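Everything in the sequence shown is counted per this note's numbering, starting at 33 for the first residue and increasing by one.
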Amino acid sequence: MNIKIAPSILSADFSVMGETIKKLERSGADLIHCDVMDGSFVEPITFGGQMIKNIRPLTSLPLDAHLMIEHPKTQVKFFADAGADIITVHYKACKKISDSYLEETLKMIKSYGVKCGAVVNPDVPVENIFPVFPLCDMVLLMSVYPGYGGQKFIPEVMQKIEKAREYARFIGRPDMDIEIDGGVTLDNAAAIRAAGANVLVAGSAVFNAPDTTAAISALKK
């Protein structure tokens, strides 16, 4: 299975974001993970679609927009137009609105020609998003509670990764992208991959490393 490393720019220096994006591409990153926080669904506020729009011309890497926001449907067009290649939305945020909101949002994302994905927090059973697996290009399992970088990986999430990969195989999607976000390090990356995740979001493990290229290469291997 193709292992992909998606450095999270939440851990980057925003004052030199352009240079950082170019460095990540040279260093072997496969995606750029963009954590969008609205100050409501999660406490912090990070950035919006304008960041995606500004970095889009700087790289050919896919931009992975992770929307940690309320009412994600209202923002889909903006992020699609800004140049996001994949947009992921949270089950919890959608469930608060209606039972059908997640499916409706995923279909809206795909209507703009953009890949889509559903996200579950550590306290949400992965089975809750099984009904939308056929719609998803990727599913994202949070291995920390969203909002802040630098948290430790929650080990119970390993079982959720295994269940997600097993269900992907069951529906005939054995190579479906399963992304893990939170607390990924050189110490646990091999176990995370063995459980079935193939897209690893890495913040501190990449940005705090003395050699970005070596860190990305080590996470892949």
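Don't be surprised by glycine CBs; every beta carbon is placed ideally from N, CA and C.
In this text the structure is predicted, and so the values were computed from the model without any measurement.
In this structure, the beta-carbon distance from residue 62 to residue 38 falls below 8 Å. For residue 138, there is no enclosing beta strand (DSSP E); the residue is found in the alpha helix (DSSP H) stretching over 133-143. Annotated three-state conformation of residue 64 is strand, per DSSP. The bridge partners DSSP lists for residue 211 are 172, 231. With fewer than 16 other Cβ atoms inside 10 Å of its own Cβ, residue 77 counts as exposed. The closest CA to that of residue 183, considering only 166, 165, 214, is found on 214. In the three-state reduction of the DSSP assignment, residue 78 falls in the coil class.
Around the beta carbon of residue 220, a 10 Å sphere encloses 16 or more other beta carbons of the protein chains shown; the residue is thus reported as buried. For residue 217, there is no enclosing beta strand (DSSP E), as DSSP marks it with neither H nor E. For the 8 Å CB-CB criterion, residue 150 and residue 106 do not form a contact.
For the pair of segments examined, the region 164-182 was found to touch the region 191-203: the number of CB pairs separated by less than 8 Å reaches three. Taking C-beta atoms under 8 Å as the contact rule, residue 50 and residue 93 fail to qualify, at a distance of about 13 Å. Per the DSSP secondary-structure output, residue 149 pairs in a beta bridge with 120, 170. The alpha-carbon separation between residue 127 and residue 233 amounts to approximately 25 Å. Residue range 95-100 is occupied by the beta strand (DSSP E) that includes residue 99. Here the C-alpha atom of residue 74 lies approximately 15 Å from the C-alpha atom of residue 155.
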